[in-house]
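Protein chains in written order, with my numbering: chain A, 79 to 309; chain B, 79 to 309.
All remarks here apply to the structure that follows.
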DNA sequence: ATTATGATTTAGTGTATCCTAAACTATATA
DNA sequence: TATATAGTTTAGGATACACTAAATCATAAT
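Okay, here's the thing in structure tokens:
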């Protein structure tokens, strides 16, 4: 199966690789063979081979033993895929009543098959949303993406009040758990305390006055923005 | 890319082959290597190879130099794909304002990526339609399909009044032309005359009293049901 | 009954993607 | 500085699909 993203013929996994590389770079992590392999659950040698192909096609620049950087072209493709994915997720939840934990896998498959027209129509039907249900920003058609200034919950100092902005997790089981706590993007809460060594985080959910303790991994995936205290 | 249709792992083209074979069988034509190759625009040797694979997987029975028959399993998969395709086409037109001539290609790609849940949700949103915009029956989830008794327009005797039921064509250009004549499924008209040797068919569109002459190939793709004259 | 023709299969390639095992490189530590 | 370890690449193989060219089979026509 191949799709046409602006006149270059890309296989399915090509697109997945570029997306994964983009995400790594966006998180400030170097996109090295091993980290890509981990992200895609693929062996390192397979990644090595694909990197060669991506590099031959001018989608990444590769420094052997160092890692890759997306070229402008590669970044364009990655952002297009991100847009597709996030529009699809939003559409599936809003219009077809998919549950929070089911959308990711569905979108993951559809994003390779959907035409630009379909994505455009879905976006239109949704009112061109700027964020998906997880709180992630949706790139525009021209490849612009908002980068909200957020901190991982693990980095929020105790005593601060924050708004949950992004739930950066896509594991169905964990998503169900997060949802069961009422932790959707937009929810406000107080950070009560941290365990030492960035262990579990204790929070007060402001609305229903409920106390929760979140494990470190989970807290790490929650991106928040601080609420300034007014005098 | 692979999809799980009831525990068998199927590649994209596998599904396309089964669909094509089903359609040939449904039209009463033998599913031979060459006819499959023609339907899928693929070389005959490639089809030969795929037939071997399909046969190994128990999806078709193959008699060398004769052709193939779908097994029950093969038919199940083919009908599932047909359902996916037709639900998708209907959804794209109804809910996302796709034009008649654009839906086919889009559905053709999406049908391999869509989950059963997605198809189910789309069907629900549409009110579980029994026919798609072309007038083709949509198989149920359990694989039942209606087979309306229709005749190709080329086989309708002159002088009869008919309802257009199925537009069995998917070429965008021809679909646009058909649409421009107002020939959607459900339209009633009188068959005025036939050219000899099953040449062009002359019809009166009943509603707007307009006369049209349809080429043979086009008339062949229009399936009609006769309206009995009441006394 | 033989042969010409057309349909089908086999043989041999090519590409994209995956894998494991082995070799190599870079780095951190003793 | 030497070496262990972690990270990366190479080598060699598998699978699913496509192709062309050549061989084989079936049948219809002489």
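Cβ atoms here follow ideal geometry from the backbone N, Cα and C, with glycine treated the same way.
These numbers come from a predicted model, not from an experiment.
For residue i, the residue or residues it bridges with in DSSP
| i | result |
| --- | --- |
| residue 282 of chain A | A:268, A:289 |
| residue 87 of chain B | B:82 |
| residue 229 of chain B | B:302 |
| residue 140 of chain A | A:146 |
Neighbourhood of residue i by C-beta distance below 7 Å, restricted to the same chain and skipping five residues each side
| i | result |
| --- | --- |
| residue 162 of chain A | 189, 192, 197 |
| residue 83 of chain B | 155, 158 |
| residue 209 of chain A | 215, 216 |
| residue 149 of chain B | 136, 137, 138, 139 |
| residue 276 of chain B | 232, 294 |
| residue 122 of chain A | 111, 112, 115 |
| residue 288 of chain B | none |
| residue 223 of chain A | 157, 215, 217 |
| residue 253 of chain B | 178, 179, 247 |
| residue 207 of chain A | 168, 216 |
| residue 281 of chain A | 267, 268, 269, 270, 290, 292 |
| residue 151 of chain B | 136, 137 |
Neighbourhood of residue i by C-beta, 6 Å cutoff - its chain only, sequence neighbours within 5 removed
| i | result |
| --- | --- |
| residue 221 of chain A | 154, 157 |
| residue 250 of chain A | 179 |
| residue 239 of chain A | 268, 305 |
| residue 181 of chain B | 167, 170, 171 |
| residue 160 of chain A | 217 |
| residue 303 of chain A | 228, 241, 243 |
Buried versus exposed, by CB contacts within 10 Å (16 or more), residue i
| i | result |
| --- | --- |
| residue 199 of chain A | buried |
| residue 301 of chain B | buried |
| residue 106 of chain A | exposed |
| residue 258 of chain A | exposed |
| residue 187 of chain A | buried |
| residue 164 of chain B | buried |
| residue 143 of chain A | exposed |
| residue 111 of chain A | buried |
| residue 232 of chain B | buried |
| residue 279 of chain B | buried |
| residue 235 of chain B | exposed |
| residue 129 of chain A | buried |
| residue 175 of chain A | exposed |
| residue 225 of chain A | exposed |
| residue 299 of chain B | buried |
| residue 309 of chain B | Because the pLDDT at residue 309 of chain B is just 49, under 50, the model does not fix this residue reliably, and the value given afterwards should be weighed accordingly. With fewer than 16 Cβ atoms within 10 Å of its Cβ, residue 309 of chain B is classed as exposed. |
| residue 97 of chain A | buried |
| residue 93 of chain A | buried |
| residue 219 of chain A | exposed |
| residue 202 of chain A | exposed |
| residue 285 of chain A | exposed |
| residue 291 of chain A | exposed |
| residue 264 of chain A | exposed |
| residue 145 of chain B | buried |
| residue 237 of chain A | exposed |
| residue 127 of chain A | exposed |
| residue 95 of chain A | buried |
Residue i: CB within 6 Å of a non-hydrogen atom of the ligand SAM
| i | result |
| --- | --- |
| residue 131 of chain A | The ligand content of the structure shown is nil, which means the ligand SAM is not present either. |
Boundaries of the alpha helix (DSSP H) in which residue i is found, first to last residue
| i | result |
| --- | --- |
| residue 113 of chain B | 111 to 118 |
| residue 296 of chain A | 294 to 298 |
| residue 130 of chain B | 122 to 134 |
| residue 250 of chain B | 250 to 258 |
Spatial neighbours of residue i in its chain, beta-carbon cut-off 8 Å, leaving aside the 5 residues before and after
| i | result |
| --- | --- |
| residue 204 of chain A | 165, 168, 169, 172, 173 |
| residue 248 of chain B | 182, 212 |
| residue 103 of chain B | 109, 147, 148 |
Residue i - containing beta strand (DSSP E), residue span
| i | result |
| --- | --- |
| residue 239 of chain A | 239 to 245 |
Review point. At what residue ranges does the segment 142 to 217 of chain A contain a whole run of the alpha helix (DSSP H), taking only runs of 4 or more?
Key: 150 to 174, 181 to 188, 194 to 204
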